[in-house]
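Q: Here you go, one structure.
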Amino acid sequence: MKRVTLIPGDGIGPEISDSVVMILEAAGVKIDWDIQTAGADVAQTEGTVLPQRVIESIRQNKVALKAPVTTPIGKGFRSVNVALRKELDLYANLRPCKNIDGIKTPFQGIDLVVVRENTEDLYAGIERKIDEDTAESIKIITRSASTRIAKYAFEYALKHGRKKIHAVTKANICKLSDGLFLDCARTVAADYPQVEYKEILVDNLCMQLVQKPQQFDMLLLPNLYGDIVSDLTAGLIGGLGVAQGANIGDCCAVFEPVHGSAPDIKGQNKANPTALLICAINMLKHIGEEEKAQKIERALYSILAEGKVLTCDLGGNAGTTEFTHEIIKRLR
Ligand code: NAI
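Heads up: the sequence shown runs through residues 239 to 570, numbered per our numbering.
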């Protein structure tokens, strides 16, 4: 039986994890879940938000499904997510965005993939207070990480029949750092003549994404722009409740939704498990469980297309449990 690390997270994390585990079980998927807690509660007992046992579990199992974990703003510990990506060198953050039948949004015909560099940029966490009224954050961009992510994007394009990649920067202002990122993207692009290569500034991209998102196929971005833009693209297809993501490295893959721990709806049976479920479906495909993955996919997408049993974020009034049971019913 395949062993997979499961990080239930906090906030709505445990609710949506329970839902997804139940659905996979009902679909006949045999997984030996290696449950690993992380986050603020763990820090109180183990002194760190990301104990070594979590890292070791993922290293051993090579694949993980991760629900969101809260990161306090402006103080306290560093993000579990950032630390995990760094420790395991999960350098590619992949966020595909495609319209889902039945989910109403003002935008149709969207089918794009965001590839975000996941290990450096402002997320290097190099910050200091210069004096009481001045703070400094350092943005690190290296040739090796930029080349690696550009190669990943072009290889992904070839493998998945994608035709066009836009490299996204603010190289008109950050001439050295974003300039280097762009230089690496151009060099890699020259080895992939089959894929059209374009460049766009991040501010213009944001405007174009809300005016004519259909023109984009793949976006290649440094870490911070990638983080922000992928929330925007999630909004284009119906919001965070349905936006999937994956963090990929050479040794391991961690599948996790784009959304956070949603403390505002924690414990209210309102959370939409769809994003985590789509991540689980991708995880199943990744470990070779294609048939079961498709079975769950059919059940999920038929419910969404019908639009009768939907969670609040999608305009419905079903709770997490009702939505979960409806999917399970359709698996039979
Ligand atoms: P958030 O994504 O948790 O919530 C934003 C809004 O979307 C809220 O109104 C929330 O109720 C709603 N929402 C999010 N997911 C939903 C779902 N599955 N179903 C229904 N509604 C949903 O973003 P926010 O509030 O900025 O972050 C909360 C915490 O999550 C922060 O501590 C943040 O650092 C953390 N976070 C963790 C991530 C991770 O673990 N990968 C990613 C993003 C944020």
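For glycine and all other residues, C-beta sits at the position ideal for the given N, C-alpha and C.
Sort out for me which residues DSSP pairs D492 with in a bridge.
A: In the sequence as presented, Asp is not what sits at residue 492; that position holds Val. V492 is bridged to A302, N485.
Q: Below 8 Å, how does it come out for the stretch 487 to 499 and the stretch 529 to 547: are there three or more Cβ pairs, yes or no?
A: The stretch 487 to 499, when compared against the stretch 529 to 547, does not touch it at the 8 Å Cβ threshold.
Q: Using the beta-carbon count (16 or more within 10 Å), is R323 buried or exposed?
A: buried
Q: Drop a sphere of 10 angstroms on the beta-carbon of D279, count the other beta-carbons inside from all chains shown, and report buried for 16 or more, exposed for fewer.
A: exposed
Q: Within the present structure, is the beta-carbon of D279 separated from the nearest heavy atom of the ligand NAI by less than 8 Å?
A: no
Q: Looking at C-alpha atoms only, which residue of I438, C335, S257 is the closest neighbour of A484?
A: C335
Q: Residue ranges of each beta strand (DSSP E) run of no fewer than 3 residues wholly in the stretch 395 to 477, ordered along the chain?
A: Note on the stretch 395 to 477: whole beta strand (DSSP E) runs with a minimum of 3 residues are 402 to 407, 434 to 439, 456 to 459, in chain order.
Q: Consult DSSP for D371 and reduce its assignment to one of helix, strand or coil.
A: DSSP places D371 in coil when its eight states are reduced to three.
Q: Is H497 near the ligand NAI, in the sense that its beta carbon is under 8 Å from a heavy atom of that ligand?
A: yes
Q: Have a look at M456 and E370 and give me their C-alpha separation to the nearest angstrom.
A: 42 Å
Q: Could you name the residues of the same chain whose beta carbon sits closer than 7 Å to that of I273, not counting the 5 residues immediately before and after it, in chain order?
A: Hits under 7 Å: L244, P246.
Q: From this set, Q453, N461, P511, which residue's C-alpha is nearest Q346's C-alpha?
A: Q453
Q: Quick check on N331: does DSSP put it in helix, strand or coil?
A: strand
Q: From the beta carbon of R354, is the nearest beta carbon of chain D less than 9 Å away?
A: The chain inventory of the structure shown lacks chain D, comprising one protein chain alone.
Q: Kindly examine the ligand NAI and report whether one of its heavy atoms sits closer than 8 Å to the Cβ of C335.
A: no
Q: Please determine if the stretch 301 to 309 and the stretch 351 to 369 are in contact, where contact requires at least 3 C-beta pairs separated by less than 8 Å.
A: no
Q: Quick one: what's got a C-beta closer than 7 Å to R381's C-beta in the same chain, skipping five residues either side?
A: L418, C422
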